[in-house]
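>
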Amino acid sequence: MWTAHDALSDEEGSQDGDDRLILQLMSELTVDNLASKAHEDWYPFQNRAEMFSLLICQNPRHLLSVPVQQMLLSFARSSGGHDIPSQKGLDRCRHGIRSTLGAPPLKEVEKGSGNVFYSSSLAAAIARDFANPALRESMQLIPRRTSTIASIQDAHFFHELPVDLAGPCLPGPNGSVLFTDETYELQDGSRVRVKCWVEKEDGIAYEEGFAVDREGHVDERKLISFKASSVHRHAPGNFSMHPLRDNEVLLFLVPIIMQCDDLSGARSKKWNLHYQLTFQNGALSPSVLAEEGNLHLFAVTTTASPLDLVCEFVRQLRSTFLQPIKVWDVLHKTEVRVRPFLYLVLADNVMASVLCSHIGTGNNTLPCRICLYGGTKKERRETRGLAALVKAGQPRTSAQTINSLSTQRAIAIQGKATSYFEEQRTSGAKDEIVEEITDILFELRKVLQRKVPAHPRTPSQKMNKALIDHTVNEESESLCADVWFNPLLSLGDLYVFDVHKQSPVEILHTLWLGPVKYLACATAILIDKDILRTYLEALDTDGLDCGAIVSAKYLLDHTQVNGKEYKLLAQLMLSALGPLVHQKEATPALQQAWVAVGRFAKAVTPPTFSRASFEAQMIQPLSLTARPKFHILVHAVESIKSFGPAHLFNTERFEAFNTPIRNASVNSNRQSPSKDILTRLLDQELVRYILNGGYWIVDGRMRQASDRVLYFVKDKKNMMVMQKWSLQQVKQTFKAGQVSLKRNTPSQRIFADVEMQEQASILADDLIAAELHQCKDVGTLALDRCAVASFVLIDNADDERNVSVARIRAIWRGTDRAFVQVDIMEDIGWSKAWTMRRLVWKGKKSVIDASQLIVQVSVQHDCIEHKCTIDSQGRILVQERQETNITTPAVLHKTKRNGREHYVINHFLLRHTPPAFAASFPGHEHRSYSIGEVVNGMEKEMRRATQAHAAKKKKQKRGEVSEQSEDESGDSHEDDEDEGDEDEGDPMDLDNES
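Per the numbering used here, numbering through the sequence shown is continuous, rising by one, with the last residue being 1075.
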């Protein structure tokens, strides 16, 4: 597999860390340690030994089976440890924690089909979020109107929500509560009617509303804005109050992000199908949303369907929305009311179709779950069909889908199977719950018609058609008495929600495992594998958390590459293709296909983007849709506009959460998988909540874990333990200008050297004699950690762009400042051969302040300019961490040409420049493409492909094609005659290249 240390699976990559964790925890369970701490308060745990035992046995990333837990506890007791609990004692501890925290028991749910599963409590999870100091401080509960879009609350869709969903109230002066649709008197005596609350650039909440005169007339001609802190009191008079007001009790509405997925409950190749439904508090900040510890498992099952889980989830959503949850707000130190509402539905494309009651992308007529794009194969090849491919069609709505499902049920009652499937095909609507009902109705009609003699309900005498119709209709009414279709479709009756619109296009399965995957497969066929492997292995991967590239395994078995590795390929492939195109080992068309992929990935994956410049971003991705034939990617732009940056609604963090679920399944007896898995993960969530400093009620007052427990969590000595519980980060983040010293190196007076003085732009007199220490790495403004020889973007007033690309030569630290010696690169323009900008180093050096480093960039050696060659014995193969006698080909980089070093800057690295410097970054040369240009290009390539295919067939009939040429091109257009599955595409369909 073409892999890297950051892309390893949790089972492989963290094994050493798990072993060290167990050894560290077991070393703490010694006689001396436990005896010396026996008198300390470890509330809510009985003692230190109990807490450590729980941390060992419930580790989310290294879950242990019950026999292994018993073995470890027995070993600790036999080693002389005091107060080591038994397995039953540990179970009592878990039950005690659930009781202390007031966690409701798991609910047994039985659906109409008879399937049984267990579910957790949505209300309890939200209540814990509000009582958790680490999470409550990061919640954003009102819309934010800033120049950049970085979170859900910044995005367009959240601003379009009704006021009752987007923050109806705020805390006011003297313990009061300020609601929208109420009239207030400001400190200057004026009166206003509040329309909405919004947070602006300064981080202060503002009210937007209308002026009210002394007679109570509201002037709605002009919207005025004022700070919430300027409110003095309720305006005197008989003004209406908000219907949700409950005296002076705060009411918050929390957006919920729901995700549903299938996974295997086994580590072996045998597929053990489980369905899981997970949710998350959407009010959390983007950085907190990304943490695995803030995901809540709602239900998991091996028997029920995904929509069965959704039915119970929607039932709890409706209940908590109609009757708000009473929770303790740790931020305001009071009890508040919370109404959760479903905001986003996340899933891969297959599961998303199920959750949207859509027939799936395999349907040729209407393959899109978001809009009504489609048509026959012939229609989609015409000019009008191609134009429809590259733009969003008429949006689907839940009401349309419900009408289609009602029609399907009516057809099933009549027993018309052909019409039933035709309705599914032409409407694109297909619902698992409806299918269960219609299958029963079709079978019942056959039974009543005496076509199934062995069936117990087969009548003894022939029934007439009217009686059969009446019986089937009664059965239908009985089956539809409860929920008879996907409950997500009817959630719009309660508040603004449409599952088709609020199931955004996620990037993992749609981009990385879509066009990037298929283009990578085609590339491995079109280019000699050995040459491609050699150039990939020669790339400088500095700036990517991927380590050294191991491309050989990828090229030999590309079907095993995961989404993270395709993401790395999208960033690096163009750097390998430049020399290959120059040597005519690859075609310019293939290079341009990777350019389109890189541009699209760069456009849809920024952590933030400017609100003003978003329209320009919307045009750029159109150039890609002509290459991979995926209409759904067109909706990615609208998803980003509506819901914010793509990382907010990607499924990667939920996919990572499958590992603890799988661990719980593997380490159980599988007799009650739904209950056992959910219980284990709920216990882990409660322990994490305690360690995070969460509050709970004991005897009418709020309590939290003792100071000893909280200190243990923050202690750096316990970093390995807490990292496994997602409570500490092992990887250190460097701030701008922060450095780490190189050990055992003497200090030097570097500025005593005349050459160094000339390189320093600003040099104080006291620095000439200052002793400076050499450092090994330094932090940038973008929080990158850069070592010597890394390439960075620096703030350089001498450059016309005010920024320059530089290579770090040395890092030094003084008493209160850090300095970096860099090689300044000169931008010499655009290179068509590389499709990148070229850089040259002419020997210019400079010493700058460490705070001038902006962001790390990816720079590659210009092998075309330096005329680098491949040495057949250039690299010694390393196996088992030892050098062997085997050599493999490697690129021999030539260092200088005419006294200069030439490089190219990789613009396709998914590392984004801070907004203040983004406009100055030497970026990619491109132009926007109109829909007409895209359609014309597609028609031209389709004609070329058709002509080439016809010519090939003609030659084959004449027998003029040799066996060798057939092997080289036999599969090139094999799929032209079978494009019924255009939504997925064939990874070997080389027509994708055009």
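A virtual CB, placed ideally from N, CA and C, is assigned to each residue, including glycine.
What first and last residue would you give for the beta strand (DSSP E) that runs through Leu-920?
For this step, residue 920 is matched to residue 839 along the sequence shown. First-last of the beta strand (DSSP E) with Leu-920: 917-922.
> Might you give, ordered along the chain, the residues of its own chain that have their beta carbon closer than 7 Å to the beta carbon of Thr-916, omitting 5 neighbours on each side?
Against the sequence shown, residue 916 aligns to sequence position 835. These residues qualify, in order along the chain: Leu-655, Gln-672 and Val-676.
> Is it true that the CB of Leu-436 sits closer than 8 Å to the CB of Val-369?
Here residue 369 refers to the residue found at position 288 when the sequence shown is read from its first residue. Here residue 436 refers to the residue found at position 355 when the sequence shown is read from its first residue. Cβ atoms of Val-369 and Leu-436: not closer than 8 Å.
> In terms of residues, what are the limits of the alpha helix (DSSP H) holding Met-783?
Taking the sequence shown and counting its residues from 1, the one referred to as residue 783 is at position 702. Segment 782-784 is the beta strand (DSSP E) holding Met-783; no alpha helix (DSSP H) there.
> List in chain order: all unbroken alpha helix (DSSP H) runs of 4+ residues lying wholly within the segment 362-443.
367-370, 387-403 and 430-436
> Tell me the rounded alpha-carbon separation between Val-909 and Val-835.
Against the sequence shown, residue 909 aligns to sequence position 828. Against the sequence shown, residue 835 aligns to sequence position 754. Reading off the sequence shown, one finds Ile at residue 909, where the question assumed Val. Cα to Cα, Ile-909 sits roughly 30 Å from Val-835.
> Where do the ends of the alpha helix (DSSP H) carrying Ala-215 lie?
Reading the sequence shown from its first residue, position 134 is the one you call residue 215. Counting along the chain, the alpha helix (DSSP H) containing Ala-215 begins and ends at 214-217.
> Could you check whether the segment 888-898 touches the segment 850-857, counting it as contact only if at least three pairs of C-beta atoms, one from each stretch, sit closer than 8 Å?
yes
> Ends of the beta strand (DSSP E) at Leu-334?
Here residue 334 is taken as the residue at index 253 of the sequence shown, counted from 1. 332-345 is the span of the beta strand (DSSP E), which, as asked, contains Leu-334.
> Please classify Phe-156 as buried or exposed, where buried requires at least 16 neighbouring CB atoms within 10 angstroms.
Looking up residue 156 in the sequence shown gives position 75. Counting Cβ neighbours within 10 Å, Phe-156 comes out exposed, since fewer than 16 surround it.
> If you reduce the DSSP assignment to three classes, tell me which class Phe-198 lands in.
Position 117 of the sequence shown, counting from 1, holds the residue named residue 198. Phe-198 carries a strand assignment under DSSP once its states are collapsed to helix, strand and coil.
> If you pair each beta-carbon of the segment 353-364 with each one of the segment 333-343, do three or more pairs fall below 8 Å?
The segment 353-364, when compared against the segment 333-343, does touch it at the 8 Å Cβ threshold.
> For Val-1042, name the three-state secondary structure that DSSP assigns.
Residue mapping note: residue 1042 aligns to position 961 of the sequence shown, counting from 1. In this prediction, Val-1042 has a pLDDT of 46, which is less than 50 and means its spatial position is unreliable; nothing more can be read from the coordinates.
> Does DSSP put Tyr-792 in a helix, in a strand, or in coil?
Looking up residue 792 in the sequence shown gives position 711. Here Tyr-792 sits in helix by DSSP.
> Using alpha carbons as the reference points, say which of Leu-365, Phe-291 and Cys-277 lies closest to Glu-218.
Here residue 218 refers to the residue found at position 137 when the sequence shown is read from its first residue. Taking Glu-218 as reference, the option from Leu-365, Phe-291 and Cys-277 with the minimal CA-CA separation is Leu-365.
> Just checking my contact of Ala-863 with Ile-935 at CB under 8 Å: how many whole Å lie between their CB atoms?
Sequence index remark: in the sequence shown, residue 863 carries index 782 (1-based). Sequence index remark: in the sequence shown, residue 935 carries index 854 (1-based). Confirmed, Cβ separation roughly 7 Å.
> For a quick check, are the C-beta atoms of Thr-740 and Thr-229 less than 8 Å apart?
If you number the sequence shown from 1, residue 740 lands on position 659. If you number the sequence shown from 1, residue 229 lands on position 148. Result no, Cβ atoms of Thr-740 and Thr-229 do not sit closer than 8 Å.
> Just how far apart, CA to CA, sit Ala-498 and Trp-565?
Working through the sequence shown from its first residue, we reach residue 498 at position 417. Working through the sequence shown from its first residue, we reach residue 565 at position 484. So the two alpha carbons sit approximately 19 Å from each other.
> Could you tell me how far apart the beta carbons of Gln-168 and Val-147 are, in whole angstroms, since I believe they sit closer than 8 Å?
If you number the sequence shown from 1, residue 168 lands on position 87. If you number the sequence shown from 1, residue 147 lands on position 66. Sure, about 7 Å apart at Cβ, within 8 Å.
> Buried or exposed for Ile-285, going by 16 or more other Cβ atoms inside 10 Å?
In the sequence shown, counting from the first residue as 1, residue 285 sits at position 204. Exposed.
> Expressed to the nearest angstrom, what Euclidean distance is found between the alpha-carbon atoms of Arg-761 and Val-197?
Along the sequence shown, read from residue 1 onward, the residue named residue 761 stands at position 680. Along the sequence shown, read from residue 1 onward, the residue named residue 197 stands at position 116. Looking at the two C-alpha atoms, the distance is approximately 18 Å.
> Given this structure, state the Cα-to-Cα distance separating Val-299 from Thr-264, to the nearest angstrom.
Residue numbering aside, residue 299 sits at position 218 when the sequence shown is read from its first letter. Residue numbering aside, residue 264 sits at position 183 when the sequence shown is read from its first letter. Cα to Cα, Val-299 sits roughly 10 Å from Thr-264.
> With distances taken Cα to Cα, identify the nearest neighbour of Leu-658 among Arg-769, Asn-643, Ala-667 and Ala-184.
Here residue 658 corresponds to residue number 577 of the sequence shown, with the count starting at 1. When Arg-769, Asn-643, Ala-667 and Ala-184 are compared, the shortest CA-CA separation from Leu-658 is found for Ala-667.
> How close, in whole Å, do the beta carbons of Thr-615 and Ala-971 come, if the pair is a contact with beta carbons under 8 Å?
The count along the sequence shown starts at 1 and reaches residue 615 at position 534. The count along the sequence shown starts at 1 and reaches residue 971 at position 890. With 8 Å as the limit, Thr-615 and Ala-971 qualify as a contact, their Cβ atoms being about 6 Å apart.
> Is the distance from the Cβ of Arg-226 to the Cβ of Lys-281 below 8 Å?
Within the sequence shown, numbered from 1, the residue matching residue 226 stands at position 145. Within the sequence shown, numbered from 1, the residue matching residue 281 stands at position 200. In this structure, Arg-226 lies near Lys-281, with their beta-carbon atoms less than 8 Å apart.
> According to DSSP, simplified to helix, strand and coil, what is Trp-675?
The residue you call residue 675 lines up with position 594 of the sequence shown. Looking at Trp-675 - three-state DSSP - the assignment turns out to be helix.
> Assuming Val-921 contacts Arg-830 under a Cβ cut-off of 8 Å, what Cβ separation, rounded to an integer in Å, is found between them?
Counted from its first residue, the sequence shown places residue 921 at position 840. Counted from its first residue, the sequence shown places residue 830 at position 749. Between Arg-830 and Val-921 the Cβ distance is about 32 Å, and since that is not below 8 Å, they are no contact.
> Confirm, please, whether the CB-CB distance from Asn-140 to Tyr-770 is below 8 Å.
Locating residue 770 in the sequence shown gives position 689, counting from the first residue. Locating residue 140 in the sequence shown gives position 59, counting from the first residue. Contact: no.
> Can you find at least 3 beta carbon pairs, one from the segment 478-495 and one from the segment 510-522, that sit closer than 8 Å?
The segment 478-495 vs the segment 510-522: in contact.
> Considering Tyr-647, what are the terminal residues of the alpha helix (DSSP H) in which it resides?
In the sequence shown, residue 647 corresponds to position 566, counting from 1. Boundaries of the alpha helix (DSSP H) harbouring Tyr-647: 644-663, taken from the DSSP string.
> Quick check on DSSP: helix, strand or coil for Asn-877?
The residue given as residue 877 occupies position 796 in the sequence shown. If DSSP states are grouped into helix, strand and coil, Asn-877 belongs with coil.
> Decide yes or no for the touch test of the segment 948-956 against the segment 643-653: beta carbon pairs closer than 8 Å, at least 3 of them.
no
> Per DSSP, what kind of secondary structure is Pro-49 in: helix, strand or coil?
With the chain covering 82 to 1075 only, the question about residue 49 has no answer from this structure.
> Please classify Pro-254 as buried or exposed, where buried requires at least 16 other C-beta atoms within 10 Å of its C-beta.
Position 173 of the sequence shown, counted from the start, is the residue given in the question as residue 254. Exposed, by the Cβ-count rule.
> Can you look up Ala-619 in the DSSP assignment and give me helix, strand or coil?
The residue labelled residue 619 in the question sits at position 538 within the sequence shown. For Ala-619, the secondary structure class from DSSP, reduced to helix, strand or coil, is coil.
> By the 10 Å Cβ neighbour count, where 16 or more other Cβ atoms means buried, how is Leu-703 classified, buried or exposed?
Translated into positions along the sequence shown, residue 703 becomes position 622. Note on Leu-703: pLDDT 38, under 50, position unreliable in the model; the coordinate value appears next. That one is buried.
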